[in-house]
Structures are given as structure tokens and as C-alpha cells.
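Heads up: the structure comes next, in C-alpha cells.
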Amino acid sequence: MSRLPGNTPFARRGLLAAVAVTAASALVGGCFAGNNAPSGKGGEDANGGRIRVAMMQPPRSGLSPLSDDAFKLSRWSTAETLVRLDPDGNAVPSLATGWRQQGRTWTFTLRGGVTFHDGSPLTPADVVRSLTAAAKASPKPRILDGVELTARAAGPRTVTVTTAQTDPLVPQRLSSPQLSVLAAKAYRGKTVDPVGAGTGPFVLVRADGTASATLDRYDRYWGGRAKAPGIDVRYVPDGTARAAALRSGEADIVEAVPVSQAGLVDQKLITEVPMPRTNTLYLNTRRGPFRDPALRAAAREAVDARTLVSGVYEGRADIAGGLLGPALPWAAKLRTPVRHTAPATPKGATITIGTFTDRAELPEVAQLLQQQLRKAGFRVELDVREYAHIEADALAGKFDAFVLSRATVLDSGDPAAYLYSDFAGDGSFNISQLADPAVDSALTTASTTAAGDARRRAVVAAEAAVLATDAAVPLLHERVIQGDAARVVGAAHDPRERELVTVHTHVR
Numbered sequence: 139m140s141r142l143p144g145n146t147p148f149a150r151r152g153l154l155a156a157v158a159v160t161a162a163s164a165l166v167g168g169c170f171a172g173n174n175a176p177s178g179k180g181g182e183d184a185n186g187g188r189i190r191v192a193m194m195q196p197p198r199s200g201l202s203p204l205s206d207d208a209f210k211l212s213r214w215s216t217a218e219t220l221v222r223l224d225p226d227g228n229a230v231p232s233l234a235t236g237w238r239q240q241g242r243t244w245t246f247t248l249r250g251g252v253t254f255h256d257g258s259p260l261t262p263a264d265v266v267r268s269l270t271a272a273a274k275a276s277p278k279p280r281i282l283d284g285v286e287l288t289a290r291a292a293g294p295r296t297v298t299v300t301t302a303q304t305d306p307l308v309p310q311r312l313s314s315p316q317l318s319v320l321a322a323k324a325y326r327g328k329t330v331d332p333v334g335a336g337t338g339p340f341v342l343v344r345a346d347g348t349a350s351a352t353l354d355r356y357d358r359y360w361g362g363r364a365k366a367p368g369i370d371v372r373y374v375p376d377g378t379a380r381a382a383a384l385r386s387g388e389a390d391i392v393e394a395v396p397v398s399q400a401g402l403v404d405q406k407l408i409t410e411v412p413m414p415r416t417n418t419l420y421l422n423t424r425r426g427p428f429r430d431p432a433l434r435a436a437a438r439e440a441v442d443a444r445t446l447v448s449g450v451y452e453g454r455a456d457i458a459g460g461l462l463g464p465a466l467p468w469a470a471k472l473r474t475p476v477r478h479t480a481p482a483t484p485k486g487a488t489i490t491i492g493t494f495t496d497r498a499e500l501p502e503v504a505q506l507l508q509q510q511l512r513k514a515g516f517r518v519e520l521d522v523r524e525y526a527h528i529e530a531d532a533l534a535g536k537f538d539a540f541v542l543s544r545a546t547v548l549d550s551g552d553p554a555a556y557l558y559s560d561f562a563g564d565g566s567f568n569i570s571q572l573a574d575p576a577v578d579s580a581l582t583t584a585s586t587t588a589a590g591d592a593r594r595r596a597v598v599a600a601e602a603a604v605l606a607t608d609a610a611v612p613l614l615h616e617r618v619i620q621g622d623a624a625r626v627v628g629a630a631h632d633p634r635e636r637e638l639v640t641v642h643t644h645v646r
């Protein structure tokens, strides 16, 4: 276990400006060298040069589409799904042009004229292969938590998707990047390899582990020729270095500029968007002091989210009123007061809080929570690591508490999947180790209710059931801060973190 250095959560902030350029040189310098030279087909043309992207987290699963790495493939516009979501979260056509439901079965009509990056045509067999791989994966993609799905070819241009129970959100589920459709070549080994296997406007030509990735324009893209000749990606976990790369012109697009760095960047180069992402303190309900609901209530009472928002996030976040934030305005309108367990006196109960360094604000949040919980009577230690080195322990329930920044509608545009994944007894991301029959019942109702107002009410009821257990203490709702160099045109600013470089994005 490690205690964070410094006398206060903000001890190193005064040094940020001084070390920023040095950090950028150390971690980013040279990585985009020759970015305007062709890396394969493509290269310089009248539409501008290659786009240099500094991304926050390196791949954790070799860019497998069955993992969270799928969102990188989506943000680079290399892998596509049958369906995509519009800004309101409605399902709209992508590789499928239409669909219809009959009971538990949905029939999707495939778009004609689509080819994979290896030149092979998109067929129903390709769709069935990709969806079946996802349905049989262990662990399953989050979007399929609690869902049994079977895909079959039903004609030259049609595929049927059948679920064990009637599912009103099948089209929305199929919009998840984790259900991307890839060519047969991607599935020839034990892992799924997306290199050269997508259908998007950019072909992934090289993936250099946790260092970089290279994409070139795919000139046969069904949606029209991309404006940029290619994308050069570098993974830069250090937020100070990412921001410095934007200031120095080392990168064209910078993902997730840290709040602590946003004020040091030309405000014309950053875009701040409220997003469906909640910073939450998860409390372990299965082992340790927080097995006691009264001690979980004591922790909830001790937390002062206003201090976190004003101090760590410098006002660039919203205080949480629940697990679902202002990106879903209907939640606040439907929410009613939650009845909580009365708190008990901690009496020196010892707890360990875990979190990770990949999101620059989280270690500071953890340090402030440590102070607040100590003041309430807990004895608190911190364990802070890189995410890749702490996720397994968090999911195994090895911490008493865990601070996590979590997207709430990342996969389907509907928060029911997130709630089920994180709080159902059999959820795949159940850090709180929660197993509560009332919560499971509410989550099942929310997951099976038809889309519309009734489903939204069921979702808010499920949120209330979770909050009543104090297994999760929502702290704040984040805003995404993205940096775009002055020469960038058409970069996507997507609160769902699915789009970044699109067919329209280019540099002057």
C-alpha cells in the first residue's frame, strides 16, 4: 500500500507548469515524427496531413473488440457496428440499414456495397461470427451482461438476433463498439486481432502494443473517402504531458486534458462537455468494515463532494445528485428522496481505498476522501497504481473502497446496462460485491421495460435501490475536456466517447 506524496492533495500542482514541457519531451517527443509522411497507402494530399492523436490509456487487451479497447477502434473510425446512436441516444442505421422485431427475434437488413479492409465483402456470416464471438466471450462484453444472444444468417442480406428473453434494447445494444463486426481474418487465433479487419474509413495498419497505433485512409469506404490521409496515435498516460503536447503543437488532438492542466492551455483549443461519467466511491459490501450497512452510511455522511468539485476539479464538474448526471436530464426530474440506513460511529475502523493514476484527478480525490473519512473516525490507507495493475484486484473485492470514474451510458445509450454491470449480483463489474435481491429485482425490471418513459422511471427506481444500500457513494459528474490544435477541423466532441476522428476530420 502506498501513501501519496505531498503535504496536501495539491502539493504538486504548483510544479505543473514548470515540468509540462519537459514531460511532453520525455513522453511524447519524437513519437509523431514524420507524421505527414505516408505510412502505407495515403500520405499527403489536398485535404491536409495525417492527424496526430495523443490518447490517455494504452490498450489493456491488445485492442480486442471484446474489451474496453473496442472504444479506441470506434474513436479511430476503423471498426463499425450494425447500429449507431444519434445525439439523443436513438438507434440509427450503420452497417444495417433497418430492423424489425417479432417477439424475442430482431431481423436486421445489411447495407450493400460494404467491404472489409482486407477487401472481402460484408456478409451475414461475418455478422454472425462477430456477434457469436462476443456472446461466447468470457468475460462477456458489458453490454451483454445478463443477456443470452444468438445470431443467425436469415438470407443473402439479413441476420436475425434472438434473445432468451424479450429485449427492447437489442438495436441499442448492437451499437456498442464491443459488438463491432470484423472480417474473418480477425478470428483465426485465440484472440481477436482487428488489424486490417474493420469496415470504417480508416484501416488499422499497425498496432505497436502499448506505445502507438497507425491508421491509413481506406479508399473503398462505403460512406465516402475520408478527408485525412491517416491517423498516428500515441498513448500518453501522463496528463501533464498530453496537455503540454497540445500547447507545443506536438499533437493535433489530445484526449482527456486533465482539469489541473485545462487552465494552462489556450481556452480556444479546449472543448468542455458535460458527459455521462460519474466519479463514485464504491464500498465493499462483502468483506471488511463496510459489510456493515451502518458503516457504509457513516462513510456516505462523511463525504463532502463540494470540496472535491471546487478543489480537485476547479469547478469543472457537477456535484452528484445520484449515479446518473446532467447528461441524462430526465433522471433528476424523476428522482425522489432515498431512504438510507442510519450511520454508526466508525470507532477507528481501518479501511483501504484503492484508485488509479491514469485519470489525473483520482489520486487527489482519494487523498481528500482519506482526510474526510479520517475526520469521521475511520483509519484510512490509500493504494494507488496504474489502472492496468489494479483493475483485477478491484474486481476481486480486495479493497474496502474504490474510487472510480465510470461512464454510465457508454455502451447502449441507456444506463440500465451500466447499473446491471456494476450492481447486479452477477454483474461483470461489481466492485462493491453487492448481492441484494431488491436491487437485482429493480435492475431486472429496468432492463426488460420497453424503451420510453416507463423504462426511464424503472431506471431511476433501480438507481434508488442501489443508493439505498450505500454500496456506492456518487461524488460528482465529470465533464470531458478535449484539446484540438488550431489547425484541426471537424474533430468529434462525443460525450459517449465513441467518436474522435471521423471521415470529416482533417488538418488545415
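Positions in the sequence shown are counted from 1; adding 138 to them yields this note's numbering.
Think of the CB as a built atom: it goes at the ideal place given N, C-alpha and C, for glycine as much as any other residue.
- When DSSP reads this structure, M193 sits in a beta bridge with Y373.
- Counting along the chain, E410 sits inside the beta strand (DSSP E) bounded by residues 408 to 421.
- By the CB criterion at 9 angstroms, L542 and N568 fall outside the cutoff.
- For P231, the enclosing beta strand (DSSP E) begins and ends at 229 to 231.
- Note that the segment 610 to 627 does not touch the segment 346 to 353; fewer than 3 beta-carbon pairs, one per stretch, sit closer than 8 angstroms.
- DSSP places W214 in the coil class of the three-state scheme, outside both helix and strand.
- By the C-beta criterion, the segment 514 to 522 is judged not to be in contact with the segment 255 to 273, since fewer than 3 inter-stretch pairs fall below 8 angstroms.
- In terms of CA proximity to V503, V441 leads the group S550, G459, V441.
- In the DSSP assignment, V618 falls within the beta strand (DSSP E) that extends over 610 to 622.
- Around the beta carbon of H615, 16 or more other beta carbons sit within 10 angstroms, so the residue counts as buried.
- The three-state reading of DSSP puts V392 in strand, counting E and B together.
- K278 counts as buried, since no fewer than 16 other beta carbons sit within 10 angstroms of its beta carbon.
- Here the alpha carbon of F428 sits roughly 7 angstroms from the alpha carbon of D538.
- Each of R434, A458, A435 was checked against the Cα of T445, and the nearest Cα belongs to A458.
- Here W237 carries a strand assignment [DSSP, helix/strand/coil].
- Under the three-state reduction of DSSP output, W360 falls in the coil class, being neither helix nor strand.
- In the three-state scheme derived from DSSP, where H, G and I count as helix and E and B as strand, F540 is classed as strand.
- Rounded to whole angstroms, Q510 and L419 show a C-alpha spacing of 13 angstroms.
- The three-state reading of DSSP puts L223 in strand, counting E and B together.
- Only exposed fits G293, as fewer than 16 other CB atoms lie within 10 angstroms of its CB.
- DSSP lists W237, V297 as the beta-bridge partner residues of F246.
- Annotation for L312: no alpha helix (DSSP H) segment contains it, and DSSP assigns it neither H nor E.
- In this structure D496 does not touch Q240 by the C-beta definition: roughly 44 angstroms separates them, more than the 8 angstroms allowed.
- Scanning the segment 466 to 509 from its first residue to its last, the whole alpha helix (DSSP H) runs of 4-plus residues come out as 467 to 472.
- Excluding its 5 nearest sequence neighbours in each direction, D608 has C-beta neighbours in its own chain below 8 angstroms: L421, P431, R434, A435, A437, R438, H478, T479, listed in chain order.
- Taking one beta carbon from each stretch, the segment 225 to 236 and the segment 402 to 419 have fewer than 3 pairs nearer than 8 angstroms; the two do not touch.
- Contact annotation: V266 and R242 have beta-carbon atoms that are not nearer than 9 angstroms.
- For the pair G251 and T337, the Cα-to-Cα distance works out to about 11 angstroms.
- With 16 or more other CB atoms across the displayed protein chains lying within 10 angstroms of its CB, P332 is buried.
- Excluding the 5 residues flanking it on each side, R222 has same chain C-beta neighbours closer than 7 angstroms at V230, S232, S313, in chain order.
- Rounded to whole angstroms, the separation of the alpha carbons of A545 and Y556 is 8 angstroms.
- Your pair A589 and L307 checks out as a contact, with CB atoms roughly 6 angstroms apart and the cut at 8 angstroms.
- G563 counts as exposed, since fewer than 16 other beta carbons sit within 10 angstroms of its beta carbon.
- For D354, the secondary structure class from DSSP, reduced to helix, strand or coil, is strand.
- Relative to the Cα of A302, the nearest Cα in the group T296, P315, V285 belongs to V285.
- Non-local C-beta neighbours of R593 in its own chain, meaning closer than 8 angstroms and more than five positions away in sequence, comprise P306, D552, A554, A584, T587, ordered along the chain.
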